[in-house]
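Structure, as structure tokens:
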Amino acid sequence: MTWSYSPRRLIGGLAAAPLAMAMGAPNAAIPTLLLPVTCDMATLCSIQKYYDRAPGPERQDYRCGMLTTDGHDGLDIRLRRTPDMVRNIPVVAAADGIVLRTRDGVADANVRITGGAGMGDRLAGNAVVVDHGSGWVTQYSHLKQGSVTVSPGDRVAAGARLGAIGMSGNAEFPHLHFAVRRDGVSVDPFSYGTSTGCTLGAASLWSADARMRLAYREADVLSAGFATDRNAALGMRHALAAKHEFADPPSLILWGVATGAREGDEQHFVISVPDGERLLDRRERVAGGGLDWVGFAGMRRPADGWKTGLVEGHYTLIRNGKIVGSAKSVIKLQ
1 MTWSYSPRRL IGGLAAAPLA MAMGAPNAAI PTLLLPVTCD MATLCSIQKY YDRAPGPERQ
61 DYRCGMLTTD GHDGLDIRLR RTPDMVRNIP VVAAADGIVL RTRDGVADAN VRITGGAGMG
121 DRLAGNAVVV DHGSGWVTQY SHLKQGSVTV SPGDRVAAGA RLGAIGMSGN AEFPHLHFAV
181 RRDGVSVDPF SYGTSTGCTL GAASLWSADA RMRLAYREAD VLSAGFATDR NAALGMRHAL
241 AAKHEFADPP SLILWGVATG AREGDEQHFV ISVPDGERLL DRRERVAGGG LDWVGFAGMR
301 RPADGWKTGL VEGHYTLIRN GKIVGSAKSV IKLQ
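Numbering (full-length UniProt numbering), first residue to last: 1 to 334.
Shown next, in the form of structure tokens:
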């Protein structure tokens with residue numbers, strides 16, 4: 001499954017000749033990178049994929065895990081919930097530099113739904129490329145349509161806003177694809193100086209604050225919600241607007257989305273009402289797992305009908321007896 005632009009080239013396939021930096025490159029040899037989004041990584045954003053360090057068709061992230069796809073050349077930071085794209089979460093420059101290239105005007109759309117027809121060489125969607133001197137370049141892809149705030153030649157300071165997290169180009173959910181290159185070659189900001197394979201303790205390009213906020217998690221729970229059947233649930237997780245009211249549905253399906261779920265992990269589904277009564281309390285094992293996992297559990301409409309009012313759904317992922325993460329959704333039954 002492909003979620004982001006990963007060919008190791010720049011916008012439009014054009015080679016990016018390093019721009020001479022009249023401003024002077026501050027200790028330019030190796031940059032220190034800030035987190036390229038202004039986003040709470042615990043509640044609003046999460047890492048979907050890392051740089052692929054396996055030299056062949058296999059996949060391997062810098063911690064020897066599987067949180068990547070073959071050939072992925074950067075870091076994908078996603079919104080946990082698609083509707084949060086309306087919040088215009090800032091994408092910022094990871095280091096001082098000069099803007100080389102920009103693109104805006106590509107619509108935000110789920111390529112799984114649209115099929116990507118007519119995308120051409122715009123796989124990166126709306127994007128910004130920044131030159132940091134000494135051959136170092138960063139690229140920020142899949143930005144929200146209309147959000148790009150800079151132009152080629154602009155000087156930007158670390159932390160300056162470039163755009164907002166979006167879903168343009170080859171994307172299935174709102175996220176930033178952040179890529180780092182030196183002399184045109186992609187590098188892994190988590191493990192700089194090692195060409196392939198996972199090397200724990202390798203040099204990082206991230207600042208101390210960014211390293212803390214990007215702490216590695218083997219798995220995470222992103223979101224939860226309700227639908228009336230499984231097909232609707234698969235659609236709702238990608239919907240731009242969440243559904244919070246249901247009128248006498250024939251059934252209620254609680255769904256949860258996780259990254260990095262593994263075979264045998266435990267899922268706990270709870271549907272309850274404010275007085276504490278549990279309408280559903282079910283535990284199931286993950287079968288297969290994967291980088292992008294959706295779990296379901298549901299119930300049919302009771303013989304005497306639903307009680308109108310608020311209903312809460314809780315989805316929890318558990319591994320080896322420890323909670324990996326959880327998410328909650330609240331709806332109103334009419």
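For glycine and all other residues, C-beta sits at the position ideal for the given N, C-alpha and C. Values in this document were obtained by computation on a predicted structure and should not be read as measured data.
Span separating the alpha-carbon of residue i from that of residue j
i: N27; j: M85; result: Its pLDDT being 43, under 50, N27 is placed unreliably by the model, and the measurement read from it follows with that caveat. When rounded, the distance between both Cα atoms is 36 Å.
i: M21; j: H132; result: Any answer about M21 is weak, because its pLDDT of 33 lies below 50 and its placement is not dependable; what the coordinates show is given next. C-alpha separation (whole angstroms): 8 Å.
i: A233; j: G166; result: 22 Å
i: H175; j: T69; result: 16 Å
i: V187; j: A219; result: 24 Å
i: R262; j: Q60; result: 15 Å
i: N320; j: S134; result: 47 Å
i: L79; j: V270; result: 24 Å
i: N126; j: R282; result: 42 Å
i: G260; j: A54; result: 18 Å
i: V137; j: H268; result: 44 Å
i: A241; j: T196; result: 41 Å
i: Y315; j: G225; result: 9 Å
i: L291; j: D248; result: 34 Å
i: Q334; j: G115; result: 36 Å
i: I89; j: V37; result: 7 Å
i: S147; j: L162; result: 8 Å
i: W257; j: G153; result: Looking at the sequence provided, one finds Val at residue 257 rather than Trp. Rounded to the nearest angstrom, the two C-alpha atoms are 41 Å apart.
i: S326; j: L317; result: 6 Å
i: E277; j: P31; result: 55 Å
i: A42; j: Y62; result: 21 Å
i: A202; j: W255; result: 38 Å
i: A93; j: L143; result: 13 Å
i: L280; j: T308; result: 16 Å
i: R285; j: D265; result: 6 Å
Helix, strand or coil at residue i according to DSSP, with G and I counted as helix
i: M299; result: strand
i: D108; result: strand
i: R217; result: coil
i: R283; result: strand
i: D131; result: strand
i: V148; result: coil
i: T68; result: coil
i: I30; result: coil
i: P90; result: strand
i: R211; result: helix
i: A22; result: Its pLDDT being 33, under 50, A22 is placed unreliably by the model, and nothing is read from it.
Unbroken beta strand (DSSP E) run spanning residue i, endpoints
i: G225; result: D220 to A227
i: A327; result: K322 to L333
i: residue 343; result: Absent from the model: residue 343. The displayed extent of the chain is 1 to 334, so no value can be given.
i: E266; result: E266 to S272
i: A136; result: Here residue 136 is Trp; the residue named in the question, Ala, does not match the sequence. W136 to L143 is the extent of the beta strand (DSSP E) around W136.
i: D76; result: L75 to L79
i: F173; result: No beta strand (DSSP E) contains F173, which DSSP labels as neither H nor E.
i: Y315; result: G309 to R319
i: R101; result: G97 to R103
i: S251; result: S251 to T259
i: T49; result: Just to set this straight, residue 49 is Lys in the shown sequence, not Thr. That run of the beta strand (DSSP E) goes C45 to K49.
i: G163; result: R161 to A164
i: S186; result: V185 to V187
Run of the alpha helix (DSSP H) containing residue i, from where it starts to where it stops
i: D40; result: D40 -> no alpha helix (DSSP H), and no H or E assigned at all.
Rounded distance between the beta-carbons of residue j and residue i, thought under 8 Å
i: S223; j: R237; result: 7 Å
i: D104; j: Q139; result: About 15 Å; that fails the 8 Å criterion.
i: E172; j: R112; result: 5 Å
i: V106; j: R87; result: With a Cβ gap of about 20 Å, V106 and R87 do not count as contacting.
i: I98; j: I77; result: Rounded, the Cβ-Cβ distance is 23 Å, inconsistent with contact.
i: Y192; j: S204; result: 7 Å
i: A95; j: A29; result: That pair is no contact at about 12 Å.
i: V180; j: T102; result: Not confirmed; about 18 Å, so no contact.
i: G74; j: F178; result: 5 Å
i: D52; j: G71; result: 6 Å
i: S272; j: E245; result: Incorrect: roughly 18 Å between the Cβ atoms, too far for contact.
i: residue 356; j: V91; result: Residue 356 lies beyond the range of the chain shown here (1 to 334); nothing can be said about it.
i: residue 337; j: S141; result: Because the chain here runs from 1 to 334, residue 337 falls outside it and cannot be looked at.
i: A210; j: L33; result: 6 Å
CB contact below 9 Å: residue i versus chain D
i: G260; result: Going by chain labels, chain D is absent from the structure shown, which holds only one protein chain.
**OP:** Please confirm if the stretch 320 to 331 is in contact with the stretch 295 to 308, defined as three or more CB-CB distances below 8 Å between the two stretches.
**Re:** no
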